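Asker: Protein chains in written order, with our numbering: chain X, 46 to 638; chain U, 1200 to 1438.
C-beta atoms are modelled at their ideal positions from N, C-alpha and C, and glycine is treated no differently.
None of the values given here were measured: they were computed from a predicted structure.
First, the structure itself, so that you have it in front of you.
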Amino acid sequence: MSEQKKVIIDIEETERTQLGELSELENIEAFGVLTVKNPSERCRVWNVRVLLSDTRDQTDITEDVLLAGEIDAGSSWQHRYKVTVESPILTLSETYDTCGEVTTEEPHWAYCFGKDNLLRVTIRVKNETDGEIDNIVLNKTVPPELSNVTIEQVKSGTAEYDDGTRQIIWKDFVIYPHEENELVFTATANVEDAEEKDAGQVVVTYRAEGQQRSLLAPDLTALTEFLTGIDSAENEPNNWEVTLECSNESDLVIRLDKAEVYVESEESGTKEKRIDESPEIELGPGTEWTSSFQMESKSQPKCSQEVIYTPVNIVTKRVLGTIEKAAQSIPVYKIEYTKTFDPPEVNSFDKTPVEVNIEVRNAGTAKINEITVIDKLPDDVMPPTKEYIEIYIRGEEYTGNFEFAIDPEDQDPNHPHTLTFKISDLKDSVGELQPGESIRINYSIMAWKSRPEKEYPSPIHCFANTYPPGIETEVASAEDGHKIGIIYKKRRISAKKAINKGTEAGQYILVLVIENKGEVTVENVKVSDWIPRGFEVVGIEPEDLEPRQQPVDDGTDLVWIFERMNPGDQKKIRVTIQGEGEYDRREPVVTSD
Amino acid sequence: MLRIKYFGKTSFMLSTEETSLLLNPGIWDGEAVVPDDLDVRIIAVTNHLDDAVGNAAQIAINAKAWVLGDESTIEKVKSQGAKPWLLHTLENEIPYEIPGMKLTPYILKRTDPANDEKIENYGLHIEMGKMKVSYVGDSEIRGPFGALESHILITPIGGDGVFPVRDAVSICIDAHPKLAIPMRWEDHEQLKRFSKYISQFGHGITPLVMEPGQVLETDWAAGHEFRFTISQNGPNESD
């Protein structure tokens, strides 16, 4: 049995889709090639007409009938066209979550500077049609800042990462109608600068056999080698058997659509249809079809025929697709800070208000939604209260809510304090902090009798995060950073004593001169002077400088306490004592804070 | 009750029903802060520079008021025509007392802007109307005022030869008055900082910024509760 060859009408349509960074459809175009192939080994087909009727609406084909002319054996004829489509038959989405370790409703979209960013990337492809899609090959470019690339999950198919080409290739799977497939991989990203990074392109190719994007439903008519003829045989006198004979002389399958035979009347010359058939029979190569009738005629009948046939065709079709998803731009969130004291130095032993200014700048390329500053204040510093903290964003005072905590919750300068400032949800208040913009925190402290021999570091630790929050980027000073400068003001307290005889026997006048000759105020100056047993105080000048008398083993200590002595302050005290016995000289003892 | 009227710069008048005291009626940029015809009983001047002495002599002549100051100040006022019998030289830490008022001067220092030399400036501790007022004049050192009991402390904050804000705050915190009144400021940022620091670190101290022409009335409610009100012009003021 010879091979049943049929003319092939092949519809191959191609769609090319471009997706944006976030998998949004940016562009799609589709075009097709309609091919008529003559599979015959020896027979030409001619008068080929491709019939499209009313199925060409979504294409740029302007005629209902395409004239293909003649097609030699083994040759083909093509017609290209465009197809209007709105979306591809395979949809692709990529979720590039830069922080897979923190679960949020929306994916994270920026790298954290200075940290390991544990990525979780999910790529989904979905068959939007009622047919299968196969031959799917997906290539994901892996950017250079990624390491530890691990395929975590594929629903079907095989996915491998090639470290040499830095490509993930996912293939060998079929997606059934309206089903979805998914690839998940994880990686670690480390960025060394704040420039925006490229997350890598995704390209997927696919094939949908038996499907098409246009609505074309073509048919064709053509001629080929097909023999027809009328055989008139007289069976009896004046009785004729007229036979229409059709023979497929080609190696193609031919469909006989119509067979008509007309007999012309000798007398009137009119034609009478004697064979009128629509057999729609497919005739294989070398096969025949006949139809006959009997008629009376004195002479051989004058017959004519009308036969319509055409090579049988089959339609094949497929869609080939490509989707290119643009690489997502991944910005980097990074902060820098400055911290200053005004004045930068304070006098030792004094109480001095100091302005503290902390400026946190968005030094990255991502928008920042929240900033936290942890600022440590040393002892001998009175911390601020919340109502006097000022925050400026983009140079304007920020009046929105912010969190402030102080630990411990007091203003006692005798111990260190930790201040925490948190300005969050900028997105919904004054807008996220754009790259280059900054937040300034201003508050006051009171340096409280700072001691010159001590150091007063005030380290700081700043954090920032995006929306949705991932891992925090941070920047910090050294643990002993940001020292409050202390200007050493020398303390010098002079105590002089004179002993003069009084107006009576056994009477002495002690003159004490206490003077602050230093550069700084001293507080709680304690002056202690001894008088021997047997003597008592009988007079003090000035009277308001009455000492406290404190008995000791061998006499009495006279004690004065001066709460505060400024540089240059002098206290001159005359003490008249009266008694019996020897009066040994001892020097006054002076102490102070 | 003690009333304190602010004229501007460093000029205040303290008054009770018994007496009145004008402090530093200075002249600034050639203009007197206090009118020549002010009715006042005593004028106290803390140093001999024009921004302190001002038109004290003319006011004293018109009002027949006493003028108090150190030797150089008294000499200057005398040379400007004040009556010698209405002049009184103050001595360091020696109180000057009349019915209804006790004033004790303490030697402090300021810088003469003409030559950058240090000159003496009296800080005054004033007791009037059951109130203790520390007025440090044009001082840049605090002397004993950080330790003296004061209900009201009046201090310069402008720097440039007198206290800058930080030193003014420091003395207020040590003296711990109920009211801290700044004077002699150069700009409003100084006022803002002074108020901020006092409010924040001077627990129990109220910073009170007075505008020229304003009158402060202070009183002890029920004999022990400090109260004050401030108005543009006091009820007995005519200007």
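Distance cutoff 8 Å, beta carbons only. Does Asp457 of chain X sit that close to anything in chain U?
Answerer: Locating residue 457 of chain X in the first sequence gives position 412, where the first residue counts as 1. Not one chain U Cβ lies under 8 Å of Asp457 of chain X.
Asker: Is the beta carbon of Lys535 of chain X sitting closer than 8 Å to the one on Phe394 of chain X?
Answerer: Here the question's residue 535 of chain X lines up with position 490 in the first sequence. Here the question's residue 394 of chain X lines up with position 349 in the first sequence. No, these two residues do not count as a Cβ contact at 8 Å.
Asker: Mind checking Met46 of chain X: buried by the 16 CB within 10 Å criterion, or exposed?
Answerer: As a position in the first sequence, residue 46 of chain X is number 1, starting the count at 1. With a pLDDT of 45 at Met46 of chain X, under the threshold of 50, the predicted position of this residue should be treated as unreliable, though the coordinate-derived value follows. Exposed: under 16 other Cβ atoms inside 10 Å.
Asker: Determine the contact status of Pro1376 of chain U and Ala1367 of chain U, defining contact as a CB-CB distance below 8 Å.
Answerer: For the purposes of this step, residue 1376 of chain U is identified with residue 177 of the second sequence, where counting begins at 1. For the purposes of this step, residue 1367 of chain U is identified with residue 168 of the second sequence, where counting begins at 1. Contact flag unset, no.
Asker: Can you grab the Cα-Cα spacing for the pair Ile559 of chain X / Val604 of chain X, in whole Å?
Answerer: Locating residue 559 of chain X in the first sequence gives position 514, where the first residue counts as 1. Locating residue 604 of chain X in the first sequence gives position 559, where the first residue counts as 1. Cα to Cα, the separation comes out at about 13 Å.
Asker: Examine chain U for any beta-carbon lying closer than 8 Å to the beta-carbon of Arg609 of chain X, and answer yes or no.
Answerer: On the first sequence, residue 609 of chain X is found 564 positions in, with the first residue counted as 1. Answer yes: the Cβ-Cβ gap between Arg609 of chain X and chain U drops below 8 Å somewhere.
Asker: Indicate the three-state DSSP secondary structure (helix, strand or coil) for Pro1283 of chain U in the structure shown.
Answerer: As a first step, residue 1283 of chain U must be located in the second sequence, where it is residue number 84. Here Pro1283 of chain U sits in helix by DSSP.
Asker: Identify, in the order they occur along the chain, each residue of the same chain with its Cβ nearer than 6 Å to the Cβ of Ile1306 of chain U, setting aside the five sequence neighbours on each side.
Answerer: Along the second sequence, read from residue 1 onward, the residue named residue 1306 of chain U stands at position 107. Excluding residues within five positions, the ones whose Cβ falls inside 6 Å are Asn1291 and Glu1319.
Asker: For Arg252 of chain X, which beta-bridge partners are listed by DSSP?
Answerer: As a first step, residue 252 of chain X is located in the first sequence; it is residue number 207 there, counting from the start. Paired residue(s): X:Asp179 and X:Leu365.
Asker: Given a cut-off of 8 Å, decide if Leu261 of chain X and Thr80 of chain X are closer than it, judged by their beta-carbon atoms.
Answerer: Mapped onto the first sequence, residue 80 of chain X falls at position 35. Mapped onto the first sequence, residue 261 of chain X falls at position 216. Result no, Cβ atoms of Thr80 of chain X and Leu261 of chain X do not sit closer than 8 Å.
Asker: Between Pro398 of chain X and chain U, is the shortest Cβ-Cβ distance under 8 Å, so that the two count as touching?
Answerer: Looking up residue 398 of chain X in the first sequence gives position 353. Cβ-Cβ to chain U under 8 Å: yes for Pro398 of chain X.
Asker: Between Ile1340 of chain U and chain X, is any beta-carbon pair separated by less than 8 Å?
Answerer: Counted from its first residue, the second sequence places residue 1340 of chain U at position 141. Yes, Ile1340 of chain U lies at the interface with chain X (some Cβ there is under 8 Å from its Cβ).
Asker: Looking at the secondary structure, which residues open and close the alpha helix (DSSP H) in which Ile1258 of chain U lies?
Answerer: Here residue 1258 of chain U refers to the residue found at position 59 when the second sequence is read from its first residue. Ile1258 of chain U -> alpha helix (DSSP H) spans Ala1255 to Ala1262.
Asker: Got a sec? Which residues, its chain only, sit under 6 Å from Pro1312 of chain U by beta carbon, not counting five neighbours each side?
Answerer: Along the second sequence, read from residue 1 onward, the residue named residue 1312 of chain U stands at position 113. Gly1360.
Asker: Residue range of the beta strand (DSSP E) that Cys144 of chain X falls in?
Answerer: Along the first sequence, read from residue 1 onward, the residue named residue 144 of chain X stands at position 99. Unbroken run through Cys144 of chain X: none, as it is neither H nor E.
Asker: Ile1372 of chain U versus chain X: which residues are under 8 Å apart at the beta carbon?
Answerer: Translated into the one-based positions of the second sequence, residue 1372 of chain U becomes position 173. Those are Lys396 and Met491, listed as they occur along chain X.
Asker: With a threshold of 6 Å on Cβ separation, who are the neighbours of Ile1429 of chain U within its own chain once the five nearest residues in sequence on each side are excluded?
Answerer: One-based indexing of the second sequence puts residue 1429 of chain U at position 230. Hits under 6 Å: Gln1413 and Leu1415.
Asker: Can you tell me which residues form a DSSP beta bridge with Arg1426 of chain U?
Answerer: If you number the second sequence from 1, residue 1426 of chain U lands on position 227. In DSSP, Arg1426 of chain U forms a bridge with U:Asp1418.
Asker: Indicate the three-state DSSP secondary structure (helix, strand or coil) for Val565 of chain X in the structure shown.
Answerer: Looking up residue 565 of chain X in the first sequence gives position 520. Three-state result, Val565 of chain X: coil.
Asker: How many angstroms separate the CA atom of Ser1214 of chain U from the CA atom of Arg1240 of chain U?
Answerer: Counted from its first residue, the second sequence places residue 1214 of chain U at position 15. Counted from its first residue, the second sequence places residue 1240 of chain U at position 41. Straight-line Cα distance between these residues: approximately 9 Å.
Asker: Do you know whose CA, among U:Leu1201, U:Phe1211 and U:Ala1255, lies nearest Pro1355 of chain U's CA?
Answerer: One-based indexing of the second sequence puts residue 1355 of chain U at position 156. Residue U:Phe1211 is the option with its Cα nearest to Pro1355 of chain U.
Asker: Roughly how many whole angstroms lie between the Cα atoms of Ile1203 of chain U and Gln1399 of chain U?
Answerer: For this step, residue 1203 of chain U is matched to residue 4 along the second sequence. For this step, residue 1399 of chain U is matched to residue 200 along the second sequence. If you take the alpha carbons of Ile1203 of chain U and Gln1399 of chain U, they lie about 25 Å apart.
Asker: Quick check for students: name the residue ranges of the beta strand (DSSP E) that lie wholly in the stretch 210-274 of chain X, counting only runs of 3 or more.
Answerer: Listed in chain order, the complete beta strand (DSSP E) runs (minimum 3 residues) inside the stretch 210-274 of chain X are 212-216, 225-234, 247-254 and 264-268.
Asker: Who are the near neighbours of Glu294 of chain X in its chain, counting only those whose CB is closer than 7 Å to its CB and skipping five residues on each side?
Answerer: Reading the first sequence from its first residue, position 249 is the one you call residue 294 of chain X. Excluding positions up to five away in sequence, the list reads Glu270, Phe271 and Leu272.
Asker: On the criterion of 16 or more Cβ atoms from any shown chain inside 10 Å, does Arg258 of chain X qualify as buried, or is it exposed?
Answerer: The sequence position of residue 258 of chain X within the first sequence is 213, counting from 1. Burial call: buried.
Asker: In chain order, what residues of the stretch 413-443 of chain X put their CB closer than 9 Å to some CB of chain U?
Answerer: Those would be Met427, Pro429, Thr430, Glu432 and Tyr433, in chain order.
Asker: Which parts of the stretch 317-354 of chain X are runs of the beta strand (DSSP E), unbroken and 3 residues or longer, counting only runs that do not cross its ends?
Answerer: Those beta strand (DSSP E) runs which fall completely within the stretch 317-354 of chain X and span 3+ residues are 326-328 and 333-341.
Asker: Take Val520 of chain X as the anchor and find which of X:Gly409, X:Arg319 and X:Val426 has the nearest alpha-carbon.
Answerer: For the purposes of this step, residue 520 of chain X is identified with residue 475 of the first sequence, where counting begins at 1. The shortest Cα separation from Val520 of chain X among X:Gly409, X:Arg319 and X:Val426 belongs to X:Gly409.
Asker: Given a cut-off of 8 Å on the beta-carbon distance, is the pair Val306 of chain X and Gly329 of chain X in contact?
Answerer: If you number the first sequence from 1, residue 306 of chain X lands on position 261. If you number the first sequence from 1, residue 329 of chain X lands on position 284. No; because the gap between Cβ atoms is not below 8 Å, this pair is not in contact.
Asker: Relative to the alpha-carbon of Lys200 of chain X, which residue among X:Ser192, X:Glu177, X:Glu224 and X:Ile178 has its alpha-carbon at the smallest distance?
Answerer: Counting from one through the first sequence, the residue named residue 200 of chain X turns up at place 155. The residue with the shortest Cα to Cα distance from Lys200 of chain X is X:Glu224.
Asker: Can you name the start and end residues of the alpha helix (DSSP H) that His1375 of chain U belongs to?
Answerer: As a first step, residue 1375 of chain U is located in the second sequence; it is residue number 176 there, counting from the start. Neither: His1375 of chain U is in no alpha helix (DSSP H) and is coded neither H nor E.
Asker: What residue range is occupied by the uninterrupted alpha helix (DSSP H) comprising Ser1278 of chain U?
Answerer: The residue given as residue 1278 of chain U occupies position 79 in the second sequence. It spans Glu1270 to Ser1278 - the alpha helix (DSSP H) in which Ser1278 of chain U sits, taken as one unbroken run.
Asker: Could you check which residue in X:Phe447, X:Val401, X:Gly547 and X:Ile368 has the C-alpha nearest to that of Ser132 of chain X?
Answerer: For this step, residue 132 of chain X is matched to residue 87 along the first sequence. Of X:Phe447, X:Val401, X:Gly547 and X:Ile368, the residue nearest in Cα terms is X:Ile368.
Asker: Got a sec: is the Cβ-Cβ distance from Lys1379 of chain U to anything in chain X below 8 Å?
Answerer: Translated into the one-based positions of the second sequence, residue 1379 of chain U becomes position 180. Here the sequence assigns Ala to residue 1379 of chain U, which means Lys is not the residue at that position. So, not an interface residue.
Asker: Can you pull the DSSP bridge partners for Pro1406 of chain U?
Answerer: Against the second sequence, residue 1406 of chain U aligns to sequence position 207. DSSP lists U:Ala1379 as partners of Pro1406 of chain U.
Asker: Identify each residue in the stretch 1396-1408 of chain U for which the Cβ-Cβ distance to at least one residue of chain X is less than 8 Å, and report them in chain order.
Answerer: Residues passing the 8 Å Cβ filter: Tyr1396, Ser1398, Gln1399, Phe1400 and His1402.
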